[in-house]
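Single-structure report; data block below.
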Amino acid sequence: MVLISKILFFTSHHGFYTVILLLVLFGGLSYLTKKAWFLIPIIPLAILNGFGGQFLNAWFLNKYGVESTAIITSDVETNSTLNDMYIHDYEAIVKKQDGKYISTFFSTTTASIYPIENAIRIPQTEVSFPVKYIPGYEKNIVILYNQSDEGQASLKYSKLAPVNSAKIKYEADRTNKEFIEEYISALEEYVKYYDEAAYKEKIKELQLELKQLK
C-alpha cells in the first residue's frame, strides 16, 4: 500500500515528470522488443493522469487510508491560472499515528479531495481539518472536505437553499397551497439531515395551515 501511495503521489503531483517516465518506459520497451505498438499507450496514459491523477489518488486514499488531521501552514498565490482563478501552492503538516507531524505540499491542481466532484475546495490555513493517508507515507493525503468545519457549513447551506426558496414563495402568498406543500416538503427533507426542533415545529404549523385551506 505504501508503494502504491508513493506512486500515486508522484504521478498526481508531478505530471510533467510522469510523462517523461512514460516516454522512457514505453519507449525503452519499444526499442528492446522492436514493437512500435508499445508507444501507443503513452499519450492516453499521460492525458488520463493529467485529468484524473488526483481523483484516482483521492479514491485510493479514502478507500484504504486511515483518518487523521492536517493543518495548512502556507498559502501562496502563483501567477498561473485555472478557469480564470489563480492557482495556489500550499504547504501543510500532517499528524501521524504517533502524534508527531510531517510536512507535505500540494497545489490547487494537485490536491486530492474527497468526495470526488468537479470542485476544488481547500480548507483555510491554520485550521485543523480531517484527512486520510496510508501509514508509512503520511505526506500523501486526501482532504475529507465534507467532514471539515467548512465542509459541514457548506453542506448545511446547500441543504437550506431549497428551504429558503420555498419560504420566500410561501411568505409572498400564504394562501397558495402549492407553495405551502413545497415549503413543507423542503423542511421535511432538511430535518432528515439536521434534527432541529424549530423546523419540525414549523412543519406542524404549515400542515395545520394546509388543512385549514382545504
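For the sequence shown, the numbering used here gives the first residue as 6, with consecutive numbering after it.
Note that beta-carbon positions come from the ideal geometry of N, C-alpha and C, so glycine has one too.
Predicted model, so just to flag it, every value in this text is computed and none were measured.
Within the continuous alpha helix (DSSP H) that includes residue i, where are the two ends?
i    : result
A191 : 182-196
T16  : 7-18
S159 : 154-177
Y95  : Here Y95 belongs to no alpha helix (DSSP H); instead the beta strand (DSSP E) covers 90-100.
E210 : 202-218
Candidates the options: which alpha carbon is nearest residue i's?
i    : options               : result
F111 : N145, Y162, L160, S85 : N145
Q102 : Y195, V136, E131      : V136
S73  : E206, I148, K161      : I148
L213 : E186, T113, N151      : E186
Y199 : Y162, K40, Y95, V71   : Y162
S17  : Y175, V196, T113      : T113
G58  : V196, I9, A41         : I9
For residue i and residue j, which I take to be in contact (beta-carbon distance under 8 Å), what is that distance rounded to the nearest angstrom?
i   : j    : result
A63 : I125 : About 12 Å; that fails the 8 Å criterion.
F60 : L13  : Contact doesn't hold; Cβ gap of about 11 Å is too wide.
Taking only the alpha-carbon atoms, compute the straight-line gap between residue i and residue j and give it to the nearest angstrom.
i    : j    : result
L27  : I92  : 26 Å
V24  : S35  : 16 Å
K216 : P167 : 23 Å
I208 : K164 : 16 Å
E210 : D154 : 32 Å
V81  : N181 : 52 Å
A158 : A116 : 21 Å
K39  : I48  : 19 Å
L37  : L30  : 11 Å
Y175 : I189 : 10 Å
K11  : E206 : 52 Å
F134 : F21  : 29 Å
I173 : Y119 : 33 Å
L87  : F15  : 21 Å
K100 : L218 : 59 Å
For the beta strand (DSSP E) holding residue i, just list the boundary residues, first then last.
i    : result
I77  : 71-87
T109 : 106-112
V147 : 142-149
I221 : With the chain covering 6 to 219 only, the question about residue 221 has no answer from this structure.
Y199 : Segment: none, Y199 is in no beta strand (DSSP E) and carries neither H nor E.
I125 : Careful: I125 lies outside any beta strand (DSSP E) and carries neither H nor E.
I45  : Element bounds for I45: n/a, residue is neither H nor E.
I118 : 117-119
Excluding the 5 residues preceding and the 5 following residue i in the sequence, name in chain order all residues of the same chain whose CB lies nearer than 8 Å to its CB.
i    : result
I98  : A75, I76, T78, Y106, I107, S108, T109
T178 : Reading off the sequence shown, one finds Asp at residue 178, where the question assumed Thr. So the qualifying residues of the chain are F184.
E131 : I76, I77, T78
N84  : Y91
V71  : Q102, K137, Y138, I139, P140
E193 : I208
Please list, in chain order, all residues of the same chain as residue i whose beta carbon is under 7 Å from its beta carbon, the five residues on each side excluded.
i    : result
V7   : I139, G141, Y142
Y69  : M6, I139
L160 : N151
N297 : Any answer about residue 297 is impossible in this case: the structure gives the chain only from 6 up to 219.
Y195 : K164, L165, V168, Y204
Sorted by chain position, which residues of the same chain lie with C-beta nearer than 6 Å to residue i's C-beta, five sequence neighbours on each side aside?
i    : result
A203 : none
A191 : P167, V168, A171
W42  : none
E96  : T78, S79, F110
G156 : Y150
P128 : F134, S153, E155
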